[in-house]
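Undergrad:
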Amino acid sequence: MPADAVEQKVKDFILREFLPGEDPDELQLDTPLLSTGILDSIATLKLVSFLESEFDIGIDPHEADAQNLNTVAQIVSLVSSKI
Amino acid sequence: MIIAAQLALLLALVRGFRIENPAFLRVLALCFGGFLLHFWLPVSLRLPGFVVVSLAGIFLLFGPADGGWMLAFGGVLIGVAHIPIRFALRVPLIAGLAVLLALMRGGRIDGPWPSTIWPIFGSMFMFRLIGYLYDLKNRSTKFGPWRALGYFFMLPNLCFPLFPVVDYKTFVASHDAVGRAETSQAGVNAIFRGLTQLLLYRLVYQHLTLDATMIESASQAALYLVRPYLLYLKISGSFHVIVGMLQIYGFSLPRTNYNYFLASSFTDYWRRINIYWKEFIQKIFFNPVYFRLSRMMSPTRALVLATLIAFVATWSLHSYQWFWIRNSFPIVWQDIVFWSFMGFVVLLNMLWESKFGRRRSLKPPPRTWGSETTLALRTIATFGLICGSWAVWSVQSWGELQIMAEHLIQPGVRDLVWIFLGMTGLGLAAVLFDRWDAGGLARPKDRVALSLGPIDLRWTTIRVSTATLALLFLAYAPLLLRFDSALAAVVDELKNPLRLSGMDAQALDRGYYEDLTDVARFNPELAELYSERPADWERCWALQRTGRFPTHQLLPSRRVAFKGSMMGTNAFAMRDREYTQRKPANTYRIAMHGASHAMGTGVKDDQSFENLAEDRLNAVTRSDAARVEILNFSVAGYGPLARLYDLERRILDFEPDALLLIGINDIHWAAKELLIGVSGSYELPWPELYEMAEAWGFDASTNATVAEARMRPHRAELLGWVYTRILEICEKNGMTCYLAALPQPRQEADEAMVDLKKQLSVAEDVGIVPIDLLDAYGDGPRYDHLHLAKWDRHPNAEGHRLIGDRLVAALAPYLGRVAY
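So the sequences go chain by chain: B and U.
In terms of my numbering, the numbers along the first sequence are unbroken and rise by one, the last being 83.
In terms of my numbering, the numbers along the second sequence are unbroken and rise by one, the last being 903.
1) Starting from B:A5, follow the alpha helix (DSSP H) in both directions and report where the run begins and ends.
2) Can you list the alpha helix (DSSP H) stretches of 4 or more residues lying completely in the region 354 to 386 of chain U, in chain order?
3) Buried or exposed, going by whether 16 or more other CB atoms sit within 10 Å of the CB of U:K225?
4) Any beta-carbon of chain U closer than 9 Å to the one on B:P61?
5) In or out: U:L499 buried (at least 16 other Cβ within 10 Å) or exposed?
6) Compute the Euclidean distance between the alpha carbons of U:G333 and U:G327, then round it to the nearest angstrom.
7) Using the Cβ count rule (16 or more neighbours within 10 Å means buried), how would you classify B:K82?
8) Taking its Cβ as the centre, do 16 or more other Cβ atoms sit within 10 Å of U:N669, making it buried, or is it exposed?
9) Any residues in the region 437 to 462 of chain U with a beta carbon nearer than 9 Å to a beta carbon of chain B? Which ones, in chain order?
10) For U:L386 and chain B, any beta-carbon pair shorter than 9 Å?
11) I'd like the list of long-range same chain contacts for U:D598, defined as Cβ closer than 7 Å, with 5 residues on each side in sequence excluded.
12) Under DSSP, the alpha helix (DSSP H) around U:Y671 begins and ends at which residues?
13) Once you ignore the five residues that flank B:F50 on each side, which residues in its own chain have a CB closer than 6 Å to its CB?
14) So, under 8 Å CB-CB, U:T465 and U:F349 are touching, yes? Tell me the CB distance rounded to an integer number of Å.
15) Using a Cβ-Cβ distance cut-off of 9 Å, determine whether U:P371 contacts chain B.
16) I'd like to confirm the pairing. Which residues does DSSP put opposite U:H635 in its beta bridges?
17) Pull up the distance between the alpha-carbon of U:H676 and that of U:P413, whole angstroms please.
18) To the nearest whole angstrom, what separates the beta carbons of U:S679 and U:A719, a pair I think is in contact under 8 Å?
19) Is U:W620 closer than 9 Å to U:W874 when the C-beta atoms are compared?
20) Under 7 Å Cβ-Cβ, which residues of chain U neighbour B:E22?
21) Across which residues does DSSP place U:A237 in a beta bridge pair?
22) For chain B, is any of its Cβ atoms less than 9 Å away from the one on U:D598?
23) Whose C-beta lies closer than 8 Å to the C-beta of B:L15 among residues of the same chain, with five residues either side of it excluded?
24) Name the DSSP bridge partner or partners of U:L743?
25) Does the Cβ-Cβ distance between U:L744 and U:Y662 come in under 9 Å?
26) Can you list the alpha helix (DSSP H) stretches of 4 or more residues lying completely in the region 151 to 230 of chain U, in chain order?
27) For U:M237, I'd like the list of residues in its chain whose CB is within less than 7 Å of its CB, leaving aside the five on either flank, ordered along the chain.
28) In chain order, what residues of the region 202 to 235 of chain U put their CB closer than 9 Å to some CB of chain B?
29) Might you give, ordered along the chain, the residues of its own chain that have their beta carbon closer than 6 Å to the beta carbon of U:A260, omitting 5 neighbours on each side?
30) Does the beta-carbon distance from U:P828 to U:H870 come in below 9 Å?
31) Determine whether the Cβ of U:G523 lies closer than 9 Å to any Cβ atom of chain B.
32) Tell me, please, which residues DSSP counts as bridged to U:F645.
33) Using 8 Å for Cβ pairs, my map puts U:I213 next to U:I367. What's the rounded Cβ distance?
34) Which of helix, strand or coil does DSSP assign to U:E103?
35) Going along chain B, which residues have a C-beta under 8 Å from U:A155?
36) Just checking my contact of U:T339 with U:Y359 at CB under 8 Å: how many whole Å lie between their CB atoms?
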């Protein structure tokens with residue numbers, strides 16, 4: 001799956017689940033998610049669950065951290081490395 | 084240069100206020116000195132440079148032998164983690180080594196170094212090794228010798244056993260991750276913040292102390308409720324200093340314990356408080372459990388189970404931590420209640436957010452009067468709830484909570500005003516700090532701000548320097564200028580790390596904490612003293628349990644080591660020379676009775692003030708005058724009731740002409756003896772005392788703390804009863820009765836001194852001759868040199884000499900007719 005498609009699906013999920021009503025243009029590839037509190041521990045678990053089911057990949061517990069999930073770009077990179 | 088100048092000011096601040104301990108000052112000086120060189124190193128040498136400074140600190144602080152052992156043991160643990168065998172085999176090998184070290188820590192096997200090194204070594208490896216192994220197993224970051232040495236032996240750990248659980252992956256990733264100047268300035272800022280919190284902690288510890296039994300109003304009860312949470316300033320202050328010291332070496336570690344008093348919800352509280360711990364638990368316990376369980380059951384069930392396991396782990400790891408730091412493994416109901424409550428609240432919060440979500444936004448929300456008021460109210464409510472749970476966590480008994488609740492539900496107008504002002508101040512602070520933070524977070528993509536908080540180099544420099552200079556002025560101005568004496572006294576106490584709070588000083592005097600486990604939980608100052616105390620310090624082989632009241636007695640003709648000195652007893656089980664039971668002719672015999680001080684605890688036989696006074700009195704009397712004998716019936720732990728018991732059954736057999744009672748705090752000890760008797764631990768041979776207790780509102784079924792609170796207003800009345808009975812016996816047998824009030828050799832004026840004066844006035848009121856020894860140690864400002872040891876405030880030989888001199892001077896006028 002191309003990275004653009006992964007990016008779009010990830011963005012759509014984040015906007016729908018955690019940022020309803022927000023301007024989609026405000027969520028950019030490098031917008032911090034974990035360090036700004038947009039993704040807290042519950043939201044992170046929901047996101048991981050979504051990524052696993054949507055892209056049919058497995059994410060290990062140690063991968064669910066700020067180095068892999070803090071921005072949309074990092075999330076796309078993690079997913080792309082597993083597809 | 085600007086950062087170096089600020090560091091110099093901070094060093095002066097630590098020295099001026101004697102913050103923490105001498106080891107801290109040395110480590111901080113090394114840290115700052117090392118920084119001056121480290122800052123100019125090329126990027127590739129910065130991590131090795133940090134390691135060199137850290138290892139230098141180990142040898143500087145612990146010396147070459149102990150430092151070498153520490154490095155060797157640590158090196159073995161790190162080495163075993165990297166042995167090229169299957170990971171699954173390395174873990175049991177390390178666990179075996181950990182068990183071996185635990186046996187040494189517990190004293191089952193002799194270790195190669197003194198026990199004082201264990202807290203530091205334990206804190207280096209007890210958690211970090213777990214996280215390190217986890218990352219090693221997953222190969223989730225870079226590894227190497229410099230990184231490992233820097234991670235485990237990091238410099239600030241040398242003087243802080245309670246250390247944030249720095250994550251290895253974060254530690255590696257944070258090095259030189261953002262601008263060096265900004266990171267170092269953030270470090271200076273954090274150190275200043277930490278030092279300020281440590282000073283605030285000292286202020287709270289020294290001045291906001293209150294015994295639950297002394298609570299008399301709702302505002303005092305509120306203070307009692309808030310105090311345990313405020314004492315967390317010590318931990319948060321240390322953590323700020325630790326993180327700051329790492330930041331000045333370029334590790335852009337995240338802020339921790341950030342304005343946690345201003346948390347506006349439980350979620351916010353966990354986000355602000357010890358986030359290093361939260362992330363450690365989440366990484367090692369919560370996430371692995373949840374990920375595994377969520378594949379076997381519904382996400383909600385997995386969430387519940389993972390949360391519960393995370394909180395059980397948190398609770399048990401706190402006790403595990405105390406084992407390495409204090410060599411005790413506390414399992415107490417307060418911990419279970421506290422962590423269960425926290426787990427329950429967090430679980431509810433998570434389930435709620437899981438089901439209903441939480442309002443999030445990419446932009447700061449608009450500010451209105453309504454939103455500010457809501458923020459203030461939420462902050463007050465969160466603060467109150469957390470204070471309540473911390474109060475439960477820190478109490479010694481349910482009775483303390485009962486007393487607190489009884490007063491809180493009956494506030495007076497004055498109480499309501501104070502409580503309202505406190506809550507308003509907290510709400511206002513929450514709004515103001517939120518605005519301040521919003522300014523920093525207005526740039527959400529600023530990597531420096533996100534890692535370290537907003538850093539404006541010029542403004543932060545001015546702020547830290549000005550505030551440090553102001554504090555330095557406060558520290559040194561009383562020495563140079565004429566200050567209001569009350570303010571100067573507060574500053575002077577603030578500069579004294581050895582000053583125990585009134586409550587702790589009394590706890591130490593009374594041997595309140597028999598078990599280190601009790602003291603370690605919430606009394607870091609006392610715990611530090613107790614940890615240095617030899618294990619058999621309190622054991623006296625010349626004392627025998629009786630199974631009745633008084634609970635123990637001295638054995639005759641013994642010679643034993645006790646508290647660092649040899650002590651002997653005579654054939655009549657007195658801590659004294661040999662005497663005949665029948666009084667010799669031409670002798671004025673004084674029966675002296677007191678507790679441990681009068682028994683001469685910790686000094687040699689010929690150094691006790693009783694023997695010194697006897698010799699002095701006989702040396703200065705006329706040759707034809709009666710010889711003076713002082714028979715010492717004192718026994719450690721005997722209060723006024725035990726002395727009355729001895730007078731009724733034993734002392735009169737020795738035909739004394741006078742009775743000299745020595746009381747160090749008879750007001751307290753009489754009440755304590757009655758409370759223990761009424762509780763049923765032993766039977767007191769005076770039935771009327773039980774009737775008095777009943778009239779004062781307590782009996783065997785009353786909670787101990789509640790009974791103590793009800794006893795408190797009647798303590799002088801009880802002592803009057805005891806003294807009257809003693810005086811009646813003395814008068815009936817033609818004896819003069821003296822009561823000497825003897826203080827502890829310590830510098831702080833506290834409740835004990837008030838009690839001593841009260842004790843003298845009660846004695847005088849019933850007709851006993853009062854002897855005031857309150858100035859026995861002179862009026863010098865420091866009495867530290869008169870203590871037996873840091874952890875034991877009984878007078879040493881010099882203290883006994885001073886007491887002996889003062890006692891002779893005080894007794895001489897009364898003995899004039901017989902001795903001079």
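Idealized CB from N, CA, C, for every residue including glycine.
TA: Walking through what the data contain:
1) Along the first sequence, read from residue 1 onward, the residue named residue 5 of chain B stands at position 5. Bounds of the alpha helix (DSSP H) holding B:A5 are 3 to 17.
2) 358 to 364, 370 to 376
3) Translated into positions along the second sequence, residue 225 of chain U becomes position 142. Classification for U:K225: exposed.
4) Looking up residue 61 of chain B in the first sequence gives position 61. Output row for B:P61: interface = yes.
5) Residue mapping note: residue 499 of chain U aligns to position 416 of the second sequence, counting from 1. Result: exposed.
6) Here residue 333 of chain U is taken as the residue at index 250 of the second sequence, counted from 1. Here residue 327 of chain U is taken as the residue at index 244 of the second sequence, counted from 1. So the two alpha carbons sit approximately 10 Å from each other.
7) Against the first sequence, residue 82 of chain B aligns to sequence position 82. It counts as exposed.
8) Walking along the second sequence from the start, residue 669 of chain U turns up at place 586. Result: exposed.
9) Here the close residues are S437, G440, R441, R443, S444, L445, K446.
10) The residue labelled residue 386 of chain U in the question sits at position 303 within the second sequence. U:L386 counts as touching chain B.
11) Here the question's residue 598 of chain U lines up with position 515 in the second sequence. Low confidence applies here, because U:D598 scores a pLDDT of 43, under 50, leaving its location unreliable; read the following figure in that light. Same-chain partners within the cutoff: there are none.
12) If you number the second sequence from 1, residue 671 of chain U lands on position 588. Where U:Y671 is concerned, there is no enclosing alpha helix (DSSP H), although the beta strand (DSSP E) it sits in stretches over 670 to 676.
13) Walking along the first sequence from the start, residue 50 of chain B turns up at place 50. So the qualifying residues of the chain are F13.
14) As a first step, residue 465 of chain U must be located in the second sequence, where it is residue number 382. As a first step, residue 349 of chain U must be located in the second sequence, where it is residue number 266. Rounded, the Cβ-Cβ distance is 7 Å, consistent with contact.
15) In the second sequence, the residue the question calls residue 371 of chain U occupies position 288. It does; some Cβ of chain B falls within 9 Å.
16) On the second sequence, residue 635 of chain U is found 552 positions in, with the first residue counted as 1. U:H635 pairs with U:R628.
17) As a first step, residue 676 of chain U must be located in the second sequence, where it is residue number 593. As a first step, residue 413 of chain U must be located in the second sequence, where it is residue number 330. Each residue's alpha carbon lies about 38 Å from the other.
18) As a working note, residue 679 of chain U is residue 596 in the second sequence. As a working note, residue 719 of chain U is residue 636 in the second sequence. Between U:A719 and U:S679 the Cβ distance is about 4 Å, and since that is below 8 Å, they are a contact.
19) Here residue 874 of chain U refers to the residue found at position 791 of the second sequence. Here residue 620 of chain U refers to the residue found at position 537 of the second sequence. Against a cut-off of 9 Å, the Cβ pair of U:W620 and U:W874 comes out as a contact.
20) Position 22 of the first sequence, counted from the start, is the residue given in the question as residue 22 of chain B. By Cβ distance, chain U contributes S444, L445.
21) Position 154 of the second sequence, counting from 1, holds the residue named residue 237 of chain U. According to the sequence shown, residue 237 of chain U is Met rather than Ala. Beta-bridge pairing links U:M237 to no other residue.
22) Here residue 598 of chain U corresponds to residue number 515 of the second sequence, with the count starting at 1. Because U:D598 sits at a pLDDT of 43, beneath the cut-off of 50, its placement in the model cannot be relied upon, and the point is left open.
23) Your numbering for residue 15 of chain B matches position 15 in the first sequence. Only residues of its own chain outside the window of five on either side were considered, and among them E22, P24, L27 have a CB closer than 8 Å to the CB of B:L15, listed in chain order.
24) As a working mapping, residue 743 of chain U is identified with position 660 in the second sequence. In DSSP, U:L743 forms a bridge with U:M675, U:Y821.
25) Taking the first residue of the second sequence as 1, we reach residue 744 of chain U at position 661. Taking the first residue of the second sequence as 1, we reach residue 662 of chain U at position 579. When the beta-carbon positions are compared, U:L744 and U:Y662 stay at least 9 Å from each other.
26) 170 to 188, 201 to 208, 211 to 221
27) For the purposes of this step, residue 237 of chain U is taken as the residue at position 154 of the second sequence. Answer for U:M237: S137, L329, listed in chain order.
28) Y217, D218, K220, N221, S223, T224
29) If you number the second sequence from 1, residue 260 of chain U lands on position 177. Result list for U:A260: S335, in chain order.
30) For the purposes of this step, residue 828 of chain U is identified with residue 745 of the second sequence, where counting begins at 1. For the purposes of this step, residue 870 of chain U is identified with residue 787 of the second sequence, where counting begins at 1. Yes, these two residues count as a Cβ contact at 9 Å.
31) As a working mapping, residue 523 of chain U is identified with position 440 in the second sequence. With a pLDDT of 48 at U:G523, under the threshold of 50, the modelled position of this residue cannot be trusted; read the value that follows with caution. The Cβ of U:G523 sits no closer than 9 Å to any Cβ of chain B.
32) Within the second sequence, residue 645 of chain U is the residue found at index 562, counting from 1. DSSP, once it has assigned bridges, lists U:S648 as partnering U:F645.
33) To locate residue 213 of chain U, count along the second sequence from 1; it is residue 130. To locate residue 367 of chain U, count along the second sequence from 1; it is residue 284. Correct: roughly 6 Å between the Cβ atoms.
34) One-based indexing of the second sequence puts residue 103 of chain U at position 20. It is coil, neither helix nor strand.
35) Taking the first residue of the second sequence as position 1, residue 155 of chain U is located at position 72. Neighbours of U:A155 on chain B: none; closest Cβ ~31 Å, over 8 Å.
36) As a first step, residue 339 of chain U must be located in the second sequence, where it is residue number 256. As a first step, residue 359 of chain U must be located in the second sequence, where it is residue number 276. U:T339 to U:Y359, Cβ: 6 Å. Contact.
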